[in-house]
Amino acid sequence: MAFAALYSCNENDHRPRFHKVDHSLYDLRSNVILGRADHYMYLNVISQGSYGVVYRAMNRKTGEVVAMKQEIYGLCPSTLREISILKSLPRHPSIVQLKEVVVDACDNVFVVMEHLDTDLQRLMDVKKKQPSLLHPCEVKCMMKQMLEGVRFLHHNGVMHRDLKPANLLVNKNGELRICDFGLSRQFQSESGPYSPGVMTLWYRAPEVLAGVRTYSSAIDMWSVGCIMGEMVLKEVLFKGTCEMEQFRIICMSFGIGCTIPYDNQRIRRFLAGAAAAREDSKLSELGFDLLNKLLQLDPEKRITADEALNHGWFKEYDPYFFWFSKTRQQST
Numbered sequence: 031m032a033f034a035a036l037y038s039c040n041e042n043d044h045r046p047r048f049h050k051v052d053h054s055l056y057d058l059r060s061n062v063i064l065g066r067a068d069h070y071m072y073l074n075v076i077s078q079g080s081y082g083v084v085y086r087a088m089n090r091k092t093g094e095v096v097a098m099k100q101e102i103y104g105l106c107p108s109t110l111r112e113i114s115i116l117k118s119l120p121r122h123p124s125i126v127q128l129k130e131v132v133v134d135a136c137d138n139v140f141v142v143m144e145h146l147d148t149d150l151q152r153l154m155d156v157k158k159k160q161p162s163l164l165h166p167c168e169v170k171c172m173m174k175q176m177l178e179g180v181r182f183l184h185h186n187g188v189m190h191r192d193l194k195p196a197n198l199l200v201n202k203n204g205e206l207r208i209c210d211f212g213l214s215r216q217f218q219s220e221s222g223p224y225s226p227g228v229m230t231l232w233y234r235a236p237e238v239l240a241g242v243r244t245y246s247s248a249i250d251m252w253s254v255g256c257i258m259g260e261m262v263l264k265e266v267l268f269k270g271t272c273e274m275e276q277f278r279i280i281c282m283s284f285g286i287g288c289t290i291p292y293d294n295q296r297i298r299r300f301l302a303g304a305a306a307a308r309e310d311s312k313l314s315e316l317g318f319d320l321l322n323k324l325l326q327l328d329p330e331k332r333i334t335a336d337e338a339l340n341h342g343w344f345k346e347y348d349p350y351f352f353w354f355s356k357t358r359q360q361s362t
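The sequence shown begins at 31 in my numbering and counts up one residue at a time.
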């Protein structure tokens, strides 16, 4: 691989010292108006791995805090796809905002995104160390925002294909944004063929596990159900180590063989049994009904985002939920 040594434009710069020559920069220049990285001041590193670094930075002009992602070996195809999809979508309060793509004097490319305090995975990890679960109204607020984002994506012909708690950013006001569109796919037809093997294993829909290539946006709704169940039960619903085991765990959890027709009542009994194992999981009958409809093995019977948002669970009286919903509407 061709590498270029980088001793930075600034000797105090804490960014990686070596990077692969970024040929994707030339594609970006022809499709995106690139801003200047020196318009931002680096604050600290949010995360770092073999792929690159995500920084917390501040816009020098506006004072806005943002997240800036740099990939050490150049922008990978998934990042280029994410940029393309986010640029094609109108603004929505449940979708993370792409601010701009910037380049520094050394031709390093940074993707500048909206910054939020944490993500749902980290929030749940904190809750797992505490005696109490997420409060039912917190679960409902998170679910409503997630479903609004998923409905928006599906209405605009986008399947996310990697919904999981780590890809749901949350701020201190309880506002949620769907992020990480690296595996997303724009679609015109509701049924492929599409790439197999998408989605993180624990949140992967049964039809994808079965190797079906003509899946639909219903795969996102299965992931939503898994996330809802995890928020309620304080643990991952289906925790396999490989595709075969994951598929087997799902089938065994519902008390059915992999070839037996889907049974709505068996799914409900599994969910009720799982909840009974945790006495502090306070989900109403309507809440379990929604979870049941999200976790239908048959994608044709799985509830859509539109239908889910009109479900009776969201119409149950909850003072905090209605206050939050009203406040959110006024701020958008």
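Ideal placement from N, C-alpha and C gives every residue a C-beta, glycine not left out. All values derive from a computational prediction rather than experimental measurement.
How about Ile280 and Lys194: are their beta carbons less than 9 Å apart?
The residue labelled residue 280 in the question sits at position 250 within the sequence shown. The residue labelled residue 194 in the question sits at position 164 within the sequence shown. No. Outside cutoff.
Based on DSSP bridge pairs, tell me the residues matched to Glu144.
Looking up residue 144 in the sequence shown gives position 114. According to DSSP, Glu144 bridges with Val96.
Measure how close the beta-carbons of Leu110 and Asp149 come, nearest whole angstrom, since I'm counting them as under 8 Å.
The count along the sequence shown starts at 1 and reaches residue 110 at position 80. The count along the sequence shown starts at 1 and reaches residue 149 at position 119. Not confirmed; about 23 Å, so no contact.
Just to confirm, are Val228 and Leu206 a CB contact at a threshold of 9 Å?
Here residue 228 corresponds to residue number 198 of the sequence shown, with the count starting at 1. Here residue 206 corresponds to residue number 176 of the sequence shown, with the count starting at 1. Their beta carbons are not under 9 Å apart, which means Val228 does not touch Leu206 by this criterion.
Please look up how many angstroms separate the CB atoms of Arg215 and Tyr224, rounded, as I've assumed it's under 8 Å.
One-based indexing of the sequence shown puts residue 215 at position 185. One-based indexing of the sequence shown puts residue 224 at position 194. With 8 Å as the limit, Arg215 and Tyr224 qualify as a contact, their Cβ atoms being about 6 Å apart.
To the nearest angstrom, how far is it from the Cα of Ile249 to the Cα of Gly259?
Counting from 1 along the sequence shown, the entry for residue 249 is found at position 219. Counting from 1 along the sequence shown, the entry for residue 259 is found at position 229. Rounded to the nearest angstrom, the two C-alpha atoms are 16 Å apart.
I'd like the list of long-range same chain contacts for Glu144, defined as Cβ closer than 6 Å, with 5 residues on each side in sequence excluded.
Here residue 144 corresponds to residue number 114 of the sequence shown, with the count starting at 1. Only Val126 and Gln127 meet the Cβ criterion.
Below 8 Å on the Cβ atoms is my contact criterion, and I expect Ser124 with Gly179 to pass it. Report the Cβ-Cβ distance as a whole number of Å.
On the sequence shown, residue 124 is found 94 positions in, with the first residue counted as 1. On the sequence shown, residue 179 is found 149 positions in, with the first residue counted as 1. Going by Cβ atoms, the distance from Ser124 to Gly179 rounds to 3 Å, so yes, they are a contact pair.
What is the rounded straight-line gap between the Cα of Gly317 and the Cα of Trp343?
Start at 1 with the first residue of the sequence shown, and residue 317 comes out as number 287. Start at 1 with the first residue of the sequence shown, and residue 343 comes out as number 313. Looking at the two C-alpha atoms, the distance is approximately 5 Å.
Among the residues of its own chain, which have a CB less than 8 Å from the CB of Val96, if the five just before and after it don't count?
Stepping through the sequence shown from its first residue, residue 96 is reached at position 66. Once the five neighbours on either side are set aside, the close Cβ partners of Val96 are Tyr70, Arg86, Ala87, Met88, Asn89, Lys129, Val142, Met143, Glu144 and His145.
Is it true that the CB of Ile208 sits closer than 9 Å to the CB of His184?
The residue labelled residue 184 in the question sits at position 154 within the sequence shown. The residue labelled residue 208 in the question sits at position 178 within the sequence shown. No, the pair does not count as a contact, with Cβ atoms beyond the cut-off.
Beta-carbon proximity of Asn186 to Pro120, cut-off 9 Å:
Your numbering for residue 186 matches position 156 in the sequence shown. Your numbering for residue 120 matches position 90 in the sequence shown. A contact, by the Cβ cut-off of 9 Å.
Quick check on the DSSP output: the alpha helix (DSSP H) that includes Val254 runs from which residue to which?
The residue you call residue 254 lines up with position 224 of the sequence shown. Residues Ala248 to Leu263.
Do you know offhand how far Phe217's Cα is from Lys159's?
Residue mapping note: residue 217 aligns to position 187 of the sequence shown, counting from 1. Residue mapping note: residue 159 aligns to position 129 of the sequence shown, counting from 1. Each residue's Cα considered, the two are about 41 Å apart.
When the distance is taken between beta carbons, is Lys99 closer than 9 Å to Gly82?
Sequence index remark: in the sequence shown, residue 82 carries index 52 (1-based). Sequence index remark: in the sequence shown, residue 99 carries index 69 (1-based). Closer than 9 Å, so yes.
Opening and closing residue of the beta strand (DSSP E) in which Val84 lies
Start at 1 with the first residue of the sequence shown, and residue 84 comes out as number 54. Gly82 to Asn89 is the extent of the beta strand (DSSP E) around Val84.
Within 10 Å of its beta-carbon, does Val139 have 16 or more other beta-carbons around it, so buried, or fewer, so exposed?
By 1-based counting over the sequence shown, the position of residue 139 is 109. Label assigned to Val139: buried.
By a C-beta neighbour count over all protein chains shown, 10 Å radius and 16 as the cutoff for buried, is Glu112 buried or exposed?
Start at 1 with the first residue of the sequence shown, and residue 112 comes out as number 82. By the 10 Å Cβ count, Glu112 comes out buried.
Taking 9 Å as the cut-off, decide whether the C-beta atoms of Val254 and Met176 are in contact.
Counted from its first residue, the sequence shown places residue 254 at position 224. Counted from its first residue, the sequence shown places residue 176 at position 146. In this structure, Met176 lies closer than 9 Å to Val254 by Cβ.
Endpoints, alpha helix (DSSP H) assigned at Met274:
For the purposes of this step, residue 274 is identified with residue 244 of the sequence shown, where counting begins at 1. Looking at the DSSP string, the run of the alpha helix (DSSP H) that includes Met274 is Glu273 to Ser283.
Which of the three DSSP states is assigned to Trp343 in this structure?
Here residue 343 refers to the residue found at position 313 when the sequence shown is read from its first residue. Note: Trp343 maps to helix in three-state DSSP.
DSSP-derived helix/strand/coil call for Asn74:
Taking the sequence shown and counting its residues from 1, the one referred to as residue 74 is at position 44. Three-state result, Asn74: strand.
From the DSSP output, in three-state form, read off Arg215 for me.
Your numbering for residue 215 matches position 185 in the sequence shown. Strand at Arg215.
Return the chain-ordered list of same chain residues with a C-beta closer than 6 Å to the C-beta of Tyr72, the five sequence neighbours on each side being excluded.
Residue numbering aside, residue 72 sits at position 42 when the sequence shown is read from its first letter. Closer than 6 Å at the Cβ level, and outside the excluded window around Tyr72, lie Tyr85 and Ala87.
Secondary structure of Leu183, DSSP reduced to three states
Taking the sequence shown and counting its residues from 1, one reaches residue 183 at position 153. Leu183 falls in the helix class under three-state DSSP.
Restricting to Cα atoms, I'd like to know which of Lys174, Cys272 and Met261 is closest to Asn340.
In the sequence shown, the residue the question calls residue 340 occupies position 310. Taking only the C-alpha atoms, the option nearest Asn340 is Lys174.
Count the other C-beta atoms from every protein chain shown that fall within 10 angstroms of the C-beta of Cys272, then say buried if there are 16 or more, exposed otherwise.
For this step, residue 272 is matched to residue 242 along the sequence shown. Answer is exposed; the Cβ neighbour count stays below 16.
Using CA atoms only, rank isn't needed, just tell me which of Val132, Phe211, Val156 and Glu94 is closest to Pro107.
The count along the sequence shown starts at 1 and reaches residue 107 at position 77. With distances taken between Cα atoms, Pro107 lies closest to Phe211.
Please work out which residues of its chain come closer than 6 Å, Cβ to Cβ, to Trp252, disregarding the five sequence neighbours upstream and downstream, and give them in chain order.
Residue 252 sits at position 222 when you count from the first residue of the sequence shown. Closer than 6 Å at Cβ, skipping near neighbours: Ala235.
Give me the Cα-Cα distance between Arg181 and Ala338, rounded to the nearest whole angstrom.
Start at 1 with the first residue of the sequence shown, and residue 181 comes out as number 151. Start at 1 with the first residue of the sequence shown, and residue 338 comes out as number 308. Answer to the nearest angstrom: the Cα atoms are 9 Å apart.
Could you tell me how far apart the beta carbons of Val262 and Val188 are, in whole angstroms, since I believe they sit closer than 8 Å?
The residue labelled residue 262 in the question sits at position 232 within the sequence shown. The residue labelled residue 188 in the question sits at position 158 within the sequence shown. The pair is not a contact, with the Cβ atoms about 27 Å apart (cut-off 8 Å).
State the Cα-Cα distance for the pair Ser118 and Trp232, rounded to the nearest angstrom.
Residue mapping note: residue 118 aligns to position 88 of the sequence shown, counting from 1. Residue mapping note: residue 232 aligns to position 202 of the sequence shown, counting from 1. Roughly 29 Å separates the two Cα atoms.
Mind checking Lys91: buried by the 16 CB within 10 Å criterion, or exposed?
Here residue 91 refers to the residue found at position 61 when the sequence shown is read from its first residue. Burial call: exposed.
Identify which residue in Ala67, Lys157 and Val242 has its Cα closest to the Cα of Cys136.
Within the sequence shown, numbered from 1, the residue matching residue 136 stands at position 106. For Cys136, the nearest C-alpha among the options comes from Ala67.
Based on the DSSP output, what are the partners of Arg66 in its beta bridges?
Residue mapping note: residue 66 aligns to position 36 of the sequence shown, counting from 1. DSSP output for Arg66 lists Val133 as bridge partner(s).
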